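A.B. asks:
2 protein chains.
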Amino acid sequence: MARVVVDVMLKPEILDPQGQAVQRALPRLGFEGIADVRQGKRFELEVEGSADELDDAALARIREMAETFLANTVIEDFTVRVEESEGATA
Amino acid sequence: MARVVVDVMLKPEILDPQGQAVQRALPRLGFEGIADVRQGKRFELEVEGSADELDDAALARIREMAETFLANTVIEDFTVRVEESEGATA
Chain A
1 MARVVVDVML
11 KPEILDPQGQ
21 AVQRALPRLG
31 FEGIADVRQG
41 KRFELEVEGS
51 ADELDDAALA
61 RIREMAETFL
71 ANTVIEDFTV
81 RVEESEGATA
Chain B
1 MARVVVDVML
11 KPEILDPQGQ
21 AVQRALPRLG
31 FEGIADVRQG
41 KRFELEVEGS
51 ADELDDAALA
61 RIREMAETFL
71 ANTVIEDFTV
81 RVEESEGATA
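As given, the protein sequences belong to chains A and B, one line each in that order.
Numbering-wise (UniProt numbering), the first sequence opens with residue 1 and increments by one.
Numbering-wise (UniProt numbering), the second sequence opens with residue 1 and increments by one.
1) Does any CB atom of chain B fall closer than 8 Å to the CB of R28(A)?
2) State the DSSP-derived secondary structure class of I62(B), mapped to helix, strand or coil.
3) Using Cβ-Cβ distances below 8 Å, what residues of the stretch 40-53 of chain B are close to chain A?
4) Do you know how far the Cα of G30(A) is from the Cα of E64(A)?
5) Could you tell me if A14(B) is buried or exposed, where buried requires 16 or more neighbouring beta carbons within 10 angstroms of its beta carbon?
6) Tell me whether the stretch 1-17 of chain A and the stretch 65-84 of chain A touch, counting them as touching only if at least three CB pairs, one residue from each stretch, are closer than 8 Å.
7) Using only CA atoms, which one of L54(B), D36(B), F43(B), A35(B) lies nearest to E33(A)?
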């Protein structure tokens, strides 16, 4: 199984109220030095086949799926990347 | 400005209804071969100072902030990593 990660973030010019709320609360909680916070979505897709079998056509299909289904490209940017399958944990 | 990315995902053993809804819809939209979808949050933090100035103590503070404020560690895992500052766009 290959893991493909799709990150969806608001475009830089779009106001991010959630991110701003987090950023404004941080000093009150004692966390200084964070100039800006942007919040978005992360999708982890488990794709059949191994990472090496993920050819350009398969990645193009996933990009097309992300563009039509996971992101609203009017206000959001997205990135698609293949990640090693064992999830990085805290 | 250094960019630190905090990814927050539901723990593997926690049911992810949003991810399941996406995964079930994909075949109807003509996207086959996606065995599982997990949806989580991505935070992009712009931290004062450059990436090289981000020492272990600063990263430990950010990890502490993520643990107490960005993730619910009862049901979520999180990862913290330093990323190059120019955002990867679609």
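Even glycine gets a Cβ: it sits at the ideal position worked out from N, Cα and C.
In this text, all values refer to a predicted model and were calculated from it rather than measured experimentally.
C.D. replies: This is what the structure holds:
1) Output row for R28(A): interface = no.
2) I62(B) falls in the helix class under three-state DSSP.
3) If you check each beta-carbon in the stretch 40-53 of chain B against every beta-carbon of chain A, the ones closer than 8 Å belong to G40, K41, R42, F43, E44, L45, E46, V47, E48, G49.
4) Whole-angstrom Cα-Cα distance: 42 Å.
5) Checking the sequence, you will find Ile at residue 14(B) rather than Ala. I14(B) is exposed by the Cβ-count criterion.
6) Cβ pair count under 8 Å is three or more, so yes.
7) As written in the sequence, residue 33(A) is Gly, which differs from the Glu given in the question. That would be L54(B), whose Cα lies nearest to the Cα of G33(A).
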